[in-house]
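J.:
Numbering (the numbering used here), first residue to last: 16 to 153.
1) If we count the other Cβ atoms within 10 Å of its Cβ and call it buried at 16 or more, is residue 58 buried or exposed?
2) Note down the Cα distance separating residue 23 from residue 44, rounded to an integer number of angstroms.
3) In the segment 51-136, which residue ranges form an unbroken beta strand (DSSP E) of at least 3 residues, counting only runs that do not cross its ends?
4) On the DSSP letters alone, give me the boundaries of the beta strand (DSSP E) that residue 142 sits inside.
5) Restricting to Cα atoms, I'd like to know which of 134, 107 and 109 is closest to residue 118.
6) Cα separation between residue 76 and residue 125?
7) Between residue 63 and residue 149, is the Cβ-Cβ spacing less than 9 Å?
8) Among 48, 54 and 34, which one has its Cα closest to the Cα of residue 66?
9) How about residue 123 and residue 113: do their beta carbons lie closer than 9 Å?
10) Taking the alpha carbon of residue 31 as the point to measure from, which residue in 79, 50 and 91 has its own alpha carbon closest?
11) Applying the 10 Å Cβ sphere with the 16-neighbour rule, what's the burial state of residue 82?
12) Here's the rule: buried if 16 or more other CB atoms are within 10 angstroms of the residue's CB, otherwise exposed. What is residue 142?
13) To which residues does DSSP link residue 32 through a beta bridge?
14) Using only CA atoms, which one of 127, 100, 21 and 146 lies nearest to residue 140?
15) By DSSP's criteria, residue 42 is part of a beta bridge. Which residues make up the other side?
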C-alpha cells in the first residue's frame, strides 16, 4: 500500500493530491489517486478519487477501479452524480475511518457499501458518490 518505489508512473500525468496513512506514509497512486477533472475539457472544478474495490485495494485500470466524484457544478454533465454529492452530509453510525489523510481531510467508508465515500475535515462532512459509468473526454 505504501511501497511507492514500484508504483505506476501515473503522477506525471496529472495534478494528483498526495494521500497518506494516518502515520504519514505516502499511499501508492494505484491504491488511491485524487485529481481534478481534466482541464482541457473544462472539468477542473470537479475532483475525482480513484481507488480499487474495496476502497484501499490496488487497481490497474478502469476495469478494476472505483471512481468517486465531487462535482457540485455538474461540469461532467451528469446531473445524477452532481445531485448525489452532499457537502453537508451526516456521517453514518456504521462508517469507519480508513486511516487515509490529505491536508486535514480524513477518508471514511461504510464497510460493504461502495456507493459513496465520506471526506471529513473539522466540522465538515462531504459525501462523494461513486460513478459507475465514469465520464471521459477527448
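Glycine included, every Cβ here is placed at the ideal spot set by N, Cα and C. Given the structure is predicted, the values throughout are model-derived calculations rather than measurements.
T.: Judging by the given coordinates:
1) Buried: at least 16 other Cβ atoms inside 10 Å.
2) Approximately 7 Å, taken between the alpha carbons.
3) List check, beta strand (DSSP E) in window: 62-67, 80-85, 111-117, 120-125 and 128-136.
4) Counting along the chain, the beta strand (DSSP E) containing residue 142 begins and ends at 139-146.
5) Nearest neighbour of residue 118 by Cα position, chosen from 134, 107 and 109, turns out to be 134.
6) About 24 Å.
7) For residue 63 and residue 149, yes; Cβs fall inside 9 Å.
8) Nearest option by C-alpha distance: 48.
9) Yes, these two residues count as a Cβ contact at 9 Å.
10) If we check each option's Cα against that of residue 31, 50 comes out closest.
11) Buried: at least 16 other Cβ atoms inside 10 Å.
12) With 16 or more other Cβ atoms within 10 Å, it is buried.
13) Looking at the DSSP output, residue 32 shares a beta bridge with 49.
14) Comparing alpha carbon positions, the residue from 127, 100, 21 and 146 closest to residue 140 is 100.
15) For residue 42, which the question treats as bridged, DSSP gives no partner whatsoever.
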